[in-house]
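Chains as they are written, first to last, in my numbering: chain A, -5 to 342; chain B, 457 to 903; chain C, 157 to 477.
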Amino acid sequence: MEFDFAEEQPKFLMLMYGLIAFVAVVGGLLLLLDVVPAWFARRRETQLVAASASGAPLPRRPKQREGLFALFFMLPTVLLLTIGLVVPAIRTTLLSLMDKDSNEWVGLANYSWMFSDSSIIRVLTNSLIWVILVPLVATGFGLIYAVLVDKARFEAVAKSLIFLPMAISFVGASIIWKFVYAYRGDGDQIGLLNHIVVSLGGEPKQWLLESPLNTLLLIVIMIWIQAGFAMVVLSAAIKAIPGDIVEAARLDGVSPWQMFWQITMPTIRPALIVVVVTLSIATLKVFDIVRTATNGNYDTSVIANEMYNQAFRYGENGQGSALAVFLFILVIPIVIYQIRNLRQQREG
Amino acid sequence: MAVFTRPRQAFAIAGVLGLALSATACGTGDDKKSDNAGSAECAAYEKYDGHDGKKVSIYASIRDAEADLLERSWSQFTDCTGIEIDYEGNAEFEAQLPVRVDGGNAPDLAFVPQPGLVKRFADAGKLKSLGADTKTMAEQNLPADWLKYGTVNGTLYGVPLGANVKSFVWYSPKLFKEKGWTVPTSWDDMIKLSDTIAATGVKPWCAGIESGDATGWPATDWIEDVVLRTQGPEVYDQWTTHAIPFNDPRIVDAVNRAGTILKNEKYMNGGFGGVKSIGTTAFGEAGLPVTTGRCAMHRQASFYANQFPEGTKVAEDGDAFAFYFPAIDAAKGKPVLGAGEFVVAYADRPEVQAVQTYLASSEYVNSRAKLGNWVTANNKLDIANVASPIDKLSVQILQDKTGTFRFDGSDLMPAAVGAGTFWKGMVEWINGKDTASVLQGIESSWK
Amino acid sequence: MTTATPTIAVGTQQTDGPKTTAGRVRKRLNSRTATLISIVIAVVWTIPTFGLFISSLRPEDEIKTTGWWTAFTNPQFTLENYQQVLFGRSSSSGQLASYFINSLAITIPSVLFPLAFASLAAYALAWINFRGRDWAYIAIFALQIVPLQMALVPLLKFFSTGVTVAGITLMPAWDLVDEQKFAQVWFAHTCFALPFAVYLLHNFISQLPGDLMEAARVDGAGHPKIFRTIVLPLITPALAAIGIFQFLWVWNDLLVALIFAGGGDETAPLTVRLAEMAGTRGNEWQRLTAGAFVSIVVPLIVFLSLQRYFVRGLLAGSVKG
């Protein structure tokens, strides 16, 4: 079958429409924001001129202008978020109070199911383990690595290697690690982990079957992917520490260890927060890894995975939605922390 | 999105940007009929005429090479009638279809492999009942056993399409001949043979239930086959409809009986390791050791024939073939476990009904069967059009009027059980959990 | 891959170093251990991908029976897997190149739209004084948690039936066909990307030096002008960094594309085709090894070519100094 480029043209055309739409929307918005205030300013000028001519009191500068600007700046985002996320979130909350076909209200039945079903309790515990371990370990690794390779000769290459997993999809990464954990009962081990264990004289294991070890092994996959994110962000923050501070500290004879804790850490604190918060939320929503590696069997399931199964595979819309709402609740501590941060920032 | 309504302007811009746009981007009109419409070949399709240029979308889980065969199978129909069939196959079909339907973006037709899912859509009022022609065609050409599974509350919604036979045990005729083993025709013979083989140091059985997000299903087939054989079709029906509890003592017995093979370290798992390796062995690979002599028997459906590497002779005197999973209790007859897919309609436009009727017709099933790798319970299928020995055997079994056919039970149960706790329960069971608590867990999930 | 940038040049200048010999030895040891540890980590991190790469070059039988490391002692290599992936035999699925083009057509606008909208919103949240802006910011931040799976059905309904309130059609159904469906995918990806993009950009923009803004305001510049002439140039590195994340996310996405574009070769991205590569029944997974590499190539090029922006700083501090 020959590749027919002509058949692909409509796609390029469509892409171009998209780009035109982009230019039109964004350019139009900026233009609008430029023109409208200019018009207001002119009107104000005429008013001022007229007022000074007639001797009437000067009209006050209109106050709501800032709010108007904010509205236009925020308009696309607010619109899209309302359609794409707010409405679905409200709908999900309502569905969680209804039966599986979303026909009748059942009150909190789906929630009591959630907290009484032993397999779901297991799912909630697993999610907790995930959300504690992934952000901590991934950030830790990223930070250590960023410090270690900072200003090293091979820095660029070294960073690319750690970042590489970020370029691989979650599904792809899980397949890679399934190869690592693979087990063969007889014959050669084709999984690297078992190969190492056997060559050290151990017995090969079915890694993904052994709970709770298997959950940790899945967490390794997530850390492997996300450490790159932590590393690039933190490395950028470290590089941004003003040179004169470092210099002054060095002249004072501060040891590298002290330097790290007394200068590096406080300076990169905002970056650390961003990384930990982002990773926590990504981890709460983790889905593809568990689905690809074990499909939630052997006590490895997590909330998002179970939510997907309930809502899409089993047709249990109510129970699936209840799990989603539980995710919303889990994020509240992070939100509160964020509010506190914002307050401090405003005050400081 | 107003920009899409002004193609001319965009064309001009495209020209400016240096993208050569030829006239091929323009439509070629509605007439899709090929020149030989009206010829002798097309005579059989005259009754579907009158929908020239209409489009019908079909969504199913069949993809890749099998989807090619599918599209070839109806190419004559589309050429002659001018109906354009827009086929899409996807591995996530079962999860995606409800999303599309709920989102108001349903396909015209879908091939649904689970009667349980057909029921869910029918109950939600999403399905269209069959047109008169389609209904007549289906009732003429398909056995009542099968139509029953496409019927919800007395209305026929799903027209059976393809089928497969699950009650098969794969083995290597070559190896059996070499070792002097004979194909067992009773359960006891099969156990005896297993012991004989185990004594030679070869693990007699191999199995694998890993199948992505459907992990566990091969084990549920095992259980269903044994329930059918030890308890008979009536108890089986009661079990799949939840008229008796999932953990009824008779079912516990059957599961334990299956366990004498599946969870027997002496028998399992040829080529892969111990019993636990069943859980992580991909079902597609599980039976391959049969051809290398590292495992003697592998219970799996007729479609497993496609899993053997190219060059494997799948025939009664070849590298691999299957025998009927023997009866346990002669009094319960010769039951056959199988599965297949049902064509359901989300639209009732005449062209959609025409396609649905066509898919139940003699023309279609023979056209598809000629391309290979496919069987159906449709009685218009001429066995002469079926080439491969294993497909022939399957058709014989499906068309055998004396046999008792039962549909794969996990496809009949509500999805939360049949595609959820039953699968997961079997995974835990293989991984060492005891029968009673596994079945208890499944029972408590069935509301 | 040059990462040297003028901004860090100051920091790299070494002083005379430790005065004592012991100090010098300790420092050298430290940097040796540091180098060693970082090399070990880098190697451990790379091995799984490397193993996959080796596997992708091995024949099917070998992949399924022996570990990839045996390829060094018993080298058997083939391009068969890549051949199958790039020129797959399935005629109903079409050519890989079609999917590649689809991926591009889906990804480019899906990166541009959220970047533009998010930077506008982030600017407003950081530098325009309006009532409730902190709560607006927190709300957008919190929306990150909404699992996109739960948004699929309502969003699909939005496209397929439009919006009608009290009998008045506010927006008709989109009724798009074939490649027009890309628009739905752009829309969906933009929605899902906004909370994260706004969060990161707000972090960045809010820490820009306030006196810059103040000076501009004194000169009579309004918000649009400040945004265009002062903020946009300063946040370019952050935009590039977030752009890369969004690019990787969209490029690797399967679910959103499947729902909003469908799985045919007219609209489906590369990921859909690669998922099919495993064979109808999952038994051809040797093709996945090659498929995974084919799909990594583009994100890798994008990352490597934009990498220096990361170094320049994803976060505020970098421009403060």
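Don't be surprised by glycine CBs; every beta carbon is placed ideally from N, CA and C. Keep in mind it's a predicted model, so treat the numbers as computed, not measured.
Distance check for residue j and residue i, CA to CA, integer angstroms please.
i, j, result
"residue 201 of chain C", "residue 300 of chain A", "30 Å"
"residue 826 of chain B", "residue 617 of chain B", "15 Å"
"residue 139 of chain A", "residue 256 of chain A", "19 Å"
"residue 625 of chain B", "residue 318 of chain C", "53 Å"
"residue 842 of chain B", "residue 530 of chain B", "17 Å"
"residue 174 of chain C", "residue 249 of chain A", "With a pLDDT of 44 at residue 174 of chain C, under the threshold of 50, the modelled position of this residue cannot be trusted; read the value that follows with caution. If you take the alpha carbons of residue 174 of chain C and residue 249 of chain A, they lie about 10 Å apart."
"residue 683 of chain B", "residue 569 of chain B", "21 Å"
"residue 478 of chain B", "residue 28 of chain A", "For residue 478 of chain B, the predicted structure reports a pLDDT of 34, less than 50, and the residue's modelled location is therefore unreliable. A value from the coordinates is still provided. Approximately 40 Å, taken between the alpha carbons."
"residue 480 of chain B", "residue 4 of chain A", "Residue placement at residue 480 of chain B is flagged as unreliable, the pLDDT there being 35, under the threshold of 50; the coordinate-derived value follows with that caveat. Cα to Cα, residue 480 of chain B sits roughly 9 Å from residue 4 of chain A."
"residue 326 of chain C", "residue 314 of chain C", "11 Å"
"residue 890 of chain B", "residue 121 of chain A", "27 Å"
"residue 282 of chain A", "residue 851 of chain B", "40 Å"
"residue 302 of chain A", "residue 213 of chain A", "19 Å"
"residue 184 of chain A", "residue 208 of chain C", "12 Å"
"residue 222 of chain C", "residue 247 of chain A", "56 Å"
"residue 194 of chain C", "residue 71 of chain A", "41 Å"
"residue 278 of chain C", "residue 340 of chain A", "16 Å"
"residue 343 of chain C", "residue 425 of chain C", "16 Å"
"residue 125 of chain A", "residue 337 of chain A", "25 Å"
"residue 255 of chain C", "residue 450 of chain C", "12 Å"
On the three-state DSSP scale, how would you describe residue i?
i, result
"residue 723 of chain B", "coil"
"residue 99 of chain A", "strand"
"residue 324 of chain C", "strand"
"residue 436 of chain C", "Below a pLDDT of 50, predicted positions are generally treated as unreliable, and residue 436 of chain C, at 48, falls in that range; the measurement from the model is reported next regardless. Residue state, collapsed to three classes: coil."
"residue 461 of chain C", "helix"
"residue 869 of chain B", "coil"
"residue 831 of chain B", "strand"
"residue 889 of chain B", "coil"
"residue 172 of chain A", "helix"
"residue 861 of chain B", "strand"
"residue 145 of chain A", "coil"
"residue 584 of chain B", "strand"
"residue 738 of chain B", "strand"
Tell me which residues share the same chain as residue i and place their Cβ nearer than 6 Å to its Cβ, disregarding the 5 neighbours each side in the sequence.
i, result
"residue 679 of chain B", "711 and 714"
"residue 804 of chain B", "584"
"residue 754 of chain B", "626, 662, 743 and 746"
By Cβ distance below 8 Å, which residues in the same chain neighbour residue i in space, the five residues on each side in sequence not counted?
i, result
"residue 399 of chain C", "267, 271 and 462"
"residue 689 of chain B", "788, 789, 791, 860 and 862"
"residue 519 of chain B", "545, 546 and 547"
"residue 91 of chain A", "99, 100, 101, 102, 104 and 312"
"residue 730 of chain B", "721 and 724"
Who are the near neighbours of residue i in its chain, counting only those whose CB is closer than 7 Å to its CB and skipping five residues on each side?
i, result
"residue 848 of chain B", "839 and 842"
"residue 78 of chain A", "none"
Complete beta strand (DSSP E) runs within the region 593 to 672 of chain B (minimum length 3 residues, chain order):
Within the region 593 to 672 of chain B, the complete beta strand (DSSP E) runs of at least 3 residues are 615 to 621 and 624 to 627.
Inter-stretch contact (C-beta, 8 Å, three-pair minimum) for the region 409 to 423 of chain C and the region 329 to 349 of chain C:
Here the region 409 to 423 of chain C makes contact with the region 329 to 349 of chain C; the two share three or more CB pairs at distances below 8 Å.
Pairs of beta-carbons, one from the region 256 to 274 of chain C and one from the region 344 to 361 of chain C, closer than 8 Å: are there three or more?
With a cut-off of 8 Å, the region 344 to 361 of chain C and the region 256 to 274 of chain C count as touching, because enough Cβ pairs lie within range.
For the region 287 to 322 of chain C, which segments carrying the alpha helix (DSSP H) assignment without a break, of at least 4 residues, lie completely within its bounds, in sequence order?
Correct list: 289 to 298 and 304 to 317.
Report yes or no: do the region 834 to 850 of chain B and the region 536 to 544 of chain B share at least 3 C-beta pairs separated by less than 8 Å?
Not touching, per the Cβ criterion.
Just checking, does the region 381 to 388 of chain C make contact with the region 299 to 311 of chain C on the three C-beta pairs under 8 Å criterion?
With contact defined as three or more Cβ pairs closer than 8 Å, the region 381 to 388 of chain C and the region 299 to 311 of chain C are not in contact.
Beta strand (DSSP E) runs contained entirely in the region 493 to 568 of chain B, provided each spans 3 or more residues:
With a minimum length of 3 residues, the continuous beta strand (DSSP E) runs that stay inside the region 493 to 568 of chain B are 511 to 516, 540 to 545 and 565 to 568.
Could you tell me whether the region 640 to 654 of chain B touches the region 773 to 785 of chain B, where touching means 3 or more Cβ pairs closer than 8 Å?
Yes, the region 640 to 654 of chain B touches the region 773 to 785 of chain B.
Please give me, in chain order, every unbroken run of the beta strand (DSSP E) with length at least 3 that falls completely inside the region 752 to 800 of chain B.
The region 752 to 800 of chain B contains these whole beta strand (DSSP E) runs: 777 to 780.
With three or more beta-carbon pairs closer than 8 Å as the criterion, would you say the region 229 to 241 of chain C touches the region 204 to 214 of chain C?
Contact check between the region 229 to 241 of chain C and the region 204 to 214 of chain C: three or more CB pairs, one atom from each, fall below 8 Å, which counts as touching.
Could you check whether the region 61 to 75 of chain A touches the region 23 to 37 of chain A, counting it as contact only if at least three pairs of C-beta atoms, one from each stretch, sit closer than 8 Å?
A contact exists between the region 61 to 75 of chain A and the region 23 to 37 of chain A.
Cβ contact check for the region 229 to 239 of chain A and the region 186 to 196 of chain A: 3 or more pairs under 8 Å
Flag = no, the region 229 to 239 of chain A and the region 186 to 196 of chain A do not touch.
Would you call the region 320 to 336 of chain A in contact with the region 141 to 148 of chain A, where contact means no fewer than 3 C-beta pairs closer than 8 Å?
Touching, no.
Entirely within the region 209 to 293 of chain A and at least 4 residues each: give me those alpha helix (DSSP H) ranges in chain order.
With a minimum length of 4 residues, the continuous alpha helix (DSSP H) runs that stay inside the region 209 to 293 of chain A are 237 to 245, 250 to 253, 259 to 278 and 282 to 287.
Should the region 167 to 179 of chain A be regarded as contacting the region 80 to 88 of chain A, the criterion being three or more beta carbon pairs within less than 8 Å?
By the Cβ rule, the region 167 to 179 of chain A does not count as touching the region 80 to 88 of chain A, because fewer than three pairs are nearer than 8 Å.
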